Every structure is written in C-alpha cells, then in structure tokens.
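Residue numbers (the working numbering): 565 to 1160. Notes for the one structure printed next.
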C-alpha cells in the first residue's frame, strides 16, 4: 500500500493531487476519444455557473475580510477631508483654496464620504458577504447539533492519540463508566455528547485481525466553538447594522452660551448641527437650558502652574411641561436629558463689546466669544460690524483677550494666568467690505481681510487699541468708538449628542468578543472507547481526535482511560500509545465515520 496522509476530513491524497494511487484507480481513456496535447479542458461555466462562482467568492471569508479592510480604508477620507454635512463652511473654503483638486474630489463624493455611492456599495457588499457566509454555516451547525456523535472507527491505532489496556470489569461496566465520565457531573450541561453502542463480532480481514463483539462509546464536545464562531459573525452583522442605523438616526449639535443666557433644543438655536438621513426636526424634545454660572480652577503652585484642575457649569434645565431643575455639567460627566447627552467641550471669555459708527449710532453690541489658544487663556476673537450707517465703511476688529495681562518693555502684552485678575483687550481695526453680502458662509472666528484696509498710524504701523474693563476709546480714521463692558462673562461650549444605536453597538461588540473568545479557546474533540472480552479479561482501547492542533487532547484521553474501573495500561511493547498531541499524520485512509 502506498504512503498516504490521514486527513480528519476524510479526503484521500488522490483527490488532492489528482493522481491515481494505484493502477486499478487509473481509468483508461475510451477508444476513439480524440487526444489533446494540452491535457483535459475545463467545461464552460455558462452564465449560471458564473453567477454561482461569483456568489461563492462573495460569501467567502477571504472576500469578507478584504471588504472589511476596504471599508476601513474608504472611511479615511471622511476623517481627513471636511464633510459637507458637518462643516459646510470648511468645504467651501477647501474648494476655494484647491479649485482643481477640490472639483474632482467633489465629483467623486469625497466631501460626502459616508453617503456616497461607493462607500454604501462597500458597506452593503460587506453585509451581504457576512450574511451569505453565516446562513449556510448556521444551517449546517444546527444539523450537527441534532446529529449523533460520529460512529466508532474500526482502527484506533491510526489516530494520533490512543491508549490500550485491560480491566477486570465487564464491557458493559466499562461503557457505563466511560459514559458517566465523559458526560460530566451536570446531566443538563454535559461535557461531551455521548452515545453508547454495540458492535458485532468481526472476522479477520487481511491485515485486520478478528475481534469478538464489543461495546463502544462515542463522544464529541466543542459545539460551542462553532457556536462562538457563528455568534462572532452574527454580532459583526448586528454591529454593522447598528452603526448604519445610528448614522441614519443620530443628531449632534454644538452651541456656545454665556453666563446668564441659554438655548433651546431646536435646530436653529445650535451653532452647528448635523444629523442622519432619517432625522426629523420635530423629533427634538423641546427643552431649554440656561447657564447660571461657570467656575474654573487652576493650579497656582510652581510645579503645575496654570494647569487646569476642574471646570463646573451650573445650569438650569426647563422641561417641556414647564418644570425646571438645577444640574451640573463637568468634564467627562455629561448631563443626560431625554436620551441625549450634553458634554462640556470647552470654555473661555466672552467680553461685552459695543461699537458705535461715525454717525454715533450703535452698530454692534453684544458678547463676543474669544477662543483660548494656550493654557493661560490667551484668547483670539473677531468682531464684525456690518450694520453701520448708510455710506460708511463696514468695520472689522481682530484682537486678543488677555485674562491676566502683563505689558512687556517692548510694548507687547501677554497673559500670564488664565483667571481674569487683570484683563486686557487688544484690538486691530479694519474697514471696508466684510463680504457678508456675497451669500457665502463665513467662519465667525475669522476675518476675511481681502477687501479690508487696516488702520495705520503715522509711522505706517497698524493701530493697536488697548482696553480694560469699562474703557471706551475712539476708533482710528474717525470710524467711531469701541467700549468694553465692566464685567467679563464666561462662555461654555456644549456638545449635545443623540445616537439611539450606542447601546446596541456596545451589546453587539461584547457579543462579538464573547463569540471570538469561545471560537479561539474552546476545543473541538472526539473521544471513542471500545471494550471487548478476550482471554478471560476485558480489552480496552481509547482514542481521541481534535480539529486542528490541541495540546490538551492527550490529557483528555488519559482522563477518559483513567476513569475506567480497574484498568491497567499496556506496556511499551503492547499496542500502547501512538505519540502526538493533536491532529497529526498516520498511515491509512480516513473513513466516512472519521470525518470532522
């Protein structure tokens, strides 16, 4: 007999190599058949065969992994390039700065990545691939759960791990003891699924010796391994669907509010607002919120000077029924209102600034948020004054607010501490056209100086205005006056997020982790026990087989053998143990009963 590799799946070598294992296996070509110098020709698939092949490729695990990686790569532009549904002003700015590249990127949907056709196609193909892979495996696994353990093979010596021995117990007692051990303590949750049987006497056949009637035990465990694998893939499908639903139904809004003022939970009241395709504005719960006060703590020691310690926003929430309650928002401690979470994202100063034009009319009056740029709250802000009297130039102010200002010897000013111990407002003045009438969205924290002229002093340098709380100074070039209020209110940046899929995403992620753990660490094993009477004693043999490498298979077989009553292992000169610690290679052809 030629050398052949044992395969648990029962495939002989001649199937994998395409070569006959013996002369008897070789089929002569029929007489009159035309000979082809190029060998056998593959049959034509046809359109049905091509569809079947395409479906099999799409539902293979290899393609599913490729689609998963492709989806991750396709999501990168959404993190790098500005997205139209999140920041339309940034998209307009990018198109203006990169007219050629921006036009082509816009054609291919790179500014609307998550709603583009190509991203949706990858997403749907991944979903179809996972479902097409899972459904047949689930059906096959359900059948395996209802099926009996594989019948006992004829020859145990071909298995990588097997033990033989003798006992004074009867074959029935051996079968009962083996069944009890393999099932475990809990009958409702057995360790192995066990089936006992009986074999008739076997006459000698060639090299296979004869054997009297025997009792057998077939056991299999590890069904949870495949269950965990299926759970992992089902959880991935659920995760993909949950994320998709979350993107369709979520909404998120950001608002900057100052002390003593508030906002209502309406789309028009948010500074920026983004939502999914299934979001309806009327679904917003009509609550309102007022910022009562904001407190911040900073370190004053020399080691961590000016480092932030704590931020606390005291707010009042008014429910739709008119009832109100006091709440507190801290960093990493959001406020939850009607299923939405409100996070404290930032804070700063919003000084009260009043600008009058050359006619003496109040052209601007209000609190202007200045955004901090460093840990000592050197804050930058912009004041746009378009509503001047007819015939006058519009006014633009760019400046810095310094909470604790220090004037250097060269005349420059800087902040040395984040709290407003000695506040100072530094402004530069521009006049001309602010560009607000063009209908193009502008960033409220940036001043487009393309059509503006800076105010200069007699030496040609830009005019710099310094204002302390309560000061009022004249603007250069007779443009009017600017005044700074007595108090310096604080502002907070709030971020409201509502995503109904978060709980489902967490659930499916945990299920995927649970299933992956089971599929990796739960062993799939089969154990067989055979016992028969020979020469006044009972001969016993135990064999085991694992799917893949399993270092614990040998221990499992030893435990099963040791659980038999009064059993003695054969010596090294007997049938003994075939070495190995898992699925290995031995001689002989696998039978259908040994298929894994």
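Beta carbons: idealized from backbone N, C-alpha and C, even for Gly. Here the structure is a predicted model, which means the values were calculated and not measured.
**Enclosing beta strand (DSSP E) for residue 753 [first to last residue]** = Taking the chain shown and counting its residues from 1, one reaches residue 753 at position 189. Looking at the DSSP string, residue 753 is not in any beta strand (DSSP E), and its letter there is neither H nor E.
**Message:** Less than 7 Å between the C-beta atoms of residue 884 and residue 850, yes or no?
**Reply:** For the purposes of this step, residue 884 is taken as residue 320 along the chain shown, with counting starting at 1. For the purposes of this step, residue 850 is taken as residue 286 along the chain shown, with counting starting at 1. Contact flag set, yes.
**Prompt:** Quick one: what's got a C-beta closer than 6 Å to residue 758's C-beta in the same chain, skipping five residues either side?
**Reply:** Here residue 758 refers to the residue found at position 194 of the chain shown. These residues qualify, in order along the chain: 743, 746, 747 and 783.
**Request:** With DSSP as the reference, please indicate the residues paired to residue 853 in a beta bridge.
**Result:** Residue 853 sits at position 289 when you count from the first residue of the chain shown. For residue 853, which the question treats as bridged, DSSP gives the partners 827 and 881.
**Request:** Answer yes or no: do residue 690 and residue 631 have a C-beta to C-beta separation smaller than 7 Å?
**Result:** One-based indexing of the chain shown puts residue 690 at position 126. One-based indexing of the chain shown puts residue 631 at position 67. Yes; because the gap between Cβ atoms is below 7 Å, this pair is in contact.
**Given 8 Å, three or more beta-carbon pairs between the stretch 1085-1103 and the stretch 732-742** = yes
**Assigned exposure category for residue 953 - 16 Cβ within 10 Å defines buried** = Mapped onto the chain shown, residue 953 falls at position 389. The residue in question, residue 953, is exposed, as its Cβ has fewer than 16 Cβ neighbours within 10 Å.
**Request:** Determine, using beta-carbon pairs with one atom in the stretch 990-998 and one in the stretch 1027-1037, whether at least three such pairs fall under 8 Å.
**Result:** yes
**Collapsed DSSP secondary structure at residue 655 in the structure displayed** = As a working mapping, residue 655 is identified with position 91 in the chain shown. If DSSP states are grouped into helix, strand and coil, residue 655 belongs with the helices.
**Request:** In angstroms with no decimal places, state the Cα-to-Cα distance between residue 616 and residue 815.
**Result:** Against the chain shown, residue 616 aligns to sequence position 52. Against the chain shown, residue 815 aligns to sequence position 251. Roughly 42 Å separates the two Cα atoms.
**Message:** By the DSSP assignment, the alpha helix (DSSP H) with residue 631 in it spans what residues?
**Reply:** Numbered from 1 along the chain shown, position 67 holds the residue referred to as residue 631. Counting along the chain, the alpha helix (DSSP H) containing residue 631 begins and ends at 625-638.
**Message:** According to DSSP, is residue 834 part of a helix, a strand, or is it coil?
**Reply:** Here residue 834 is taken as the residue at index 270 of the chain shown, counted from 1. Residue 834 falls in the coil class under three-state DSSP.
**Request:** Report the residue from 895, 830 and 834 whose alpha carbon sits nearest the alpha carbon of residue 859.
**Result:** Translated into the one-based positions of the chain shown, residue 859 becomes position 295. The option with the nearest alpha carbon to residue 859 is 895.
**Request:** Can you tell me which of the three DSSP states residue 1062 falls into?
**Result:** One-based indexing of the chain shown puts residue 1062 at position 498. The answer is strand: DSSP assigns residue 1062 an E or B state.
**Request:** Assuming residue 922 and residue 1043 form a contact by the criterion Cβ under 8 Å, report the distance between their Cβ atoms to the nearest whole angstrom.
**Result:** By 1-based counting over the chain shown, the position of residue 922 is 358. By 1-based counting over the chain shown, the position of residue 1043 is 479. Confirmed, Cβ separation roughly 6 Å.
**Prompt:** Skipping 5 residues on each side, what residues in its chain have a beta carbon closer than 7 Å to that of residue 1234?
**Reply:** With the chain represented from 565 up to 1160, any question about residue 1234 goes unanswered, as that position is not in the structure.
**Message:** With distance defined between alpha-carbon atoms, name the residue in 739, 722, 666 and 704 nearest to residue 1129.
**Reply:** By 1-based counting over the chain shown, the position of residue 1129 is 565. The shortest C-alpha separation from residue 1129 is found at 739.
**Asked** Among 975, 1089 and 1058, which one has its Cα closest to the Cα of residue 826?
**Response** The residue labelled residue 826 in the question sits at position 262 within the chain shown. Nearest option by C-alpha distance: 1058.
**Asked** Near residue 845, which residues of its chain fall below 6 Å by C-beta distance, leaving aside the five closest residues on each side in sequence?
**Response** On the chain shown, residue 845 is found 281 positions in, with the first residue counted as 1. Same-chain partners within the cutoff: 831.
**Residue ranges of each beta strand (DSSP E) within the stretch 899-974, 3 or longer** = 899-901, 904-913, 916-920, 926-931, 943-949, 958-966 and 969-971
**Distance between residue 1015 and residue 957 (C-alpha atoms, nearest Å)** = Residue numbering aside, residue 957 sits at position 393 when the chain shown is read from its first letter. Residue numbering aside, residue 1015 sits at position 451 when the chain shown is read from its first letter. For residue 957 and residue 1015, the distance between alpha carbons rounds to 11 Å.
**Asked** Buried or exposed: which applies to residue 1084, given that a residue is buried once 16 or more other Cβ atoms fall within 10 Å of its Cβ?
**Response** Start at 1 with the first residue of the chain shown, and residue 1084 comes out as number 520. Flag for residue 1084 reads exposed.
**Request:** Throw me the rounded Cβ distance for the residue 854 and residue 880 pair, which I believe falls under 8 Å.
**Result:** Working through the chain shown from its first residue, we reach residue 854 at position 290. Working through the chain shown from its first residue, we reach residue 880 at position 316. Right, their Cβ atoms sit about 5 Å apart.
**Item:** CA-to-CA distance, residue 685 to residue 804, given in whole angstroms
**Value:** The sequence position of residue 804 within the chain shown is 240, counting from 1. The sequence position of residue 685 within the chain shown is 121, counting from 1. In a straight line, the C-alpha of residue 804 is about 13 Å away from that of residue 685.
**Asked** So what does DSSP say about residue 641, is it helix, strand or coil?
**Response** Taking the chain shown and counting its residues from 1, the one referred to as residue 641 is at position 77. Of the three classes helix, strand and coil, the one that applies to residue 641 here is helix, per DSSP.
**Request:** Out of 1073, 1005 and 1127, state which residue places its alpha-carbon closest to the alpha-carbon of residue 658.
**Result:** The count along the chain shown starts at 1 and reaches residue 658 at position 94. With distances taken between Cα atoms, residue 658 lies closest to 1005.
**Message:** Once the 5 residues before and after residue 798 are set aside, which same chain residues still bring their CB inside 7 Å of it?
**Reply:** Working through the chain shown from its first residue, we reach residue 798 at position 234. Counting only Cβ-Cβ distances below 7 Å, and skipping sequence neighbours, we find 698.
**Prompt:** Within 10 angstroms of its Cβ, does residue 794 collect 16 or more other Cβ (buried), or is it exposed?
**Reply:** The residue you call residue 794 lines up with position 230 of the chain shown. By the neighbour-count rule (16 or more Cβ atoms within 10 Å), residue 794 is buried.
**Prompt:** Where does residue 1009 land, buried or exposed, given buried means 16+ other C-beta within 10 angstroms?
**Reply:** Position 445 of the chain shown, counting from 1, holds the residue named residue 1009. The residue in question, residue 1009, is exposed, as its Cβ has fewer than 16 Cβ neighbours within 10 Å.
**Request:** Could you spell out the range, first to last residue, of the beta strand (DSSP E) harbouring residue 993?
**Result:** Mapped onto the chain shown, residue 993 falls at position 429. 988-996 is the span of the beta strand (DSSP E), which, as asked, contains residue 993.
**Prompt:** Where DSSP assigns a beta bridge to residue 1108, which residues make up the other side?
**Reply:** Taking the chain shown and counting its residues from 1, one reaches residue 1108 at position 544. Residue 1108 pairs with 725 and 1091.
**Request:** Compare the C-alpha of residue 1064 against each of 756, 807, 792 and 662 and name the closest.
**Result:** Numbered from 1 along the chain shown, position 500 holds the residue referred to as residue 1064. Considering only alpha carbons, the answer is 807.
**Cβ-based neighbour list, residue 1051, same chain, cut-off 8 Å, excluding 5 preceding and 5 following** = Counting from 1 along the chain shown, the entry for residue 1051 is found at position 487. Result list for residue 1051: 916 and 1033, in chain order.
**Request:** Could you say which of 941, 1132, 702 and 696 lies nearest to residue 985 if we only look at CA atoms?
**Result:** Working through the chain shown from its first residue, we reach residue 985 at position 421. Among 941, 1132, 702 and 696, the Cα nearest to that of residue 985 belongs to 941.
**Request:** State yes or no: is the C-beta of residue 828 within less than 7 Å of the C-beta of residue 852?
**Result:** Counting from one through the chain shown, the residue named residue 828 turns up at place 264. Counting from one through the chain shown, the residue named residue 852 turns up at place 288. Yes; because the gap between Cβ atoms is below 7 Å, this pair is in contact.
**Prompt:** Taking DSSP as the reference, what is the three-state secondary structure of residue 874?
**Reply:** Taking the first residue of the chain shown as 1, we reach residue 874 at position 310. Strand.
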